[in-house]
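Using our numbering, the first residue of the sequence shown is number 20, and each one after it goes up by one.
Scroll down for the structure; my scribbles are underneath it.
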Amino acid sequence: MALRAAWLQEQVPLSPAALRAAPHLGDLAGRIAESTAGQLFKSIINLGVHHFPERDSEPEVDFVLTVGDQRIPVEIKYRRRIDHGDTRRLRAFIEKSVYNAPFGVLVTLADEPGSNDPRIVSLPLSSLLLMR
Numbered sequence: 020m021a022l023r024a025a026w027l028q029e030q031v032p033l034s035p036a037a038l039r040a041a042p043h044l045g046d047l048a049g050r051i052a053e054s055t056a057g058q059l060f061k062s063i064i065n066l067g068v069h070h071f072p073e074r075d076s077e078p079e080v081d082f083v084l085t086v087g088d089q090r091i092p093v094e095i096k097y098r099r100r101i102d103h104g105d106t107r108r109l110r111a112f113i114e115k116s117v118y119n120a121p122f123g124v125l126v127t128l129a130d131e132p133g134s135n136d137p138r139i140v141s142l143p144l145s146s147l148l149l150m151r
């Protein structure tokens with residue numbers, strides 16, 4: 020998809036309004052958002068950044084940030100609508116006491132609540148990028 024966009028010199032919209040006009044590019048925008056967040060995390064000194072691949076019955080998590088002895092799972096869901104199922108991976112990680120994860124972060128497209136679970140902090144990618 021990225022090669023296709025480069026070949027056709029398509030612009031990939033990243034704002035909510037622009038993505039509404041070009042929903043067929045939503046998956047590609049999500050991949051760009053995930054890469055951007057990953058680069059941001061890797062630029063922070065002394066922050067451990069890892070990918071948590073799917074294992075047996077445990078789902079994949081986009082990023083696991085390590086701060087001291089605690090871990091913070093981060094899931095990127097760069098789409099217009101977020102539902103309870105989109106937090107399944109975060110909840111599964113947080114619920115395993117061996118991972119010592121007090122909360123998780125859900126990075127979204129827009130500034131809307133992604134979960135009513137108090138252990139999950141939702142914020143739009145644009146706000147995450149301002150933190151650096």
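Idealized CB from N, CA, C, for every residue including glycine.
Keep in mind it's a predicted model, so treat the numbers as computed, not measured.
Asked, Found
"Own chain residues within Cβ distance below 6 Å of L33, not counting five before or after", "A48"
"Sub-7 Å separation of P35 and A111 beta-carbons", "no"
"Residues near R107 in its chain [Cβ-Cβ closer than 7 Å; skip 5 each side]", "P78"
"Closest residue to A56 among P121, D81 and N65 (Cα-Cα distance)", "D81"
"Cβ neighbour criterion (16 or more within 10 Å) applied to I149", "According to the sequence displayed, residue 149 carries Leu and not Ile. When all chains shown are included, L149 counts as exposed."
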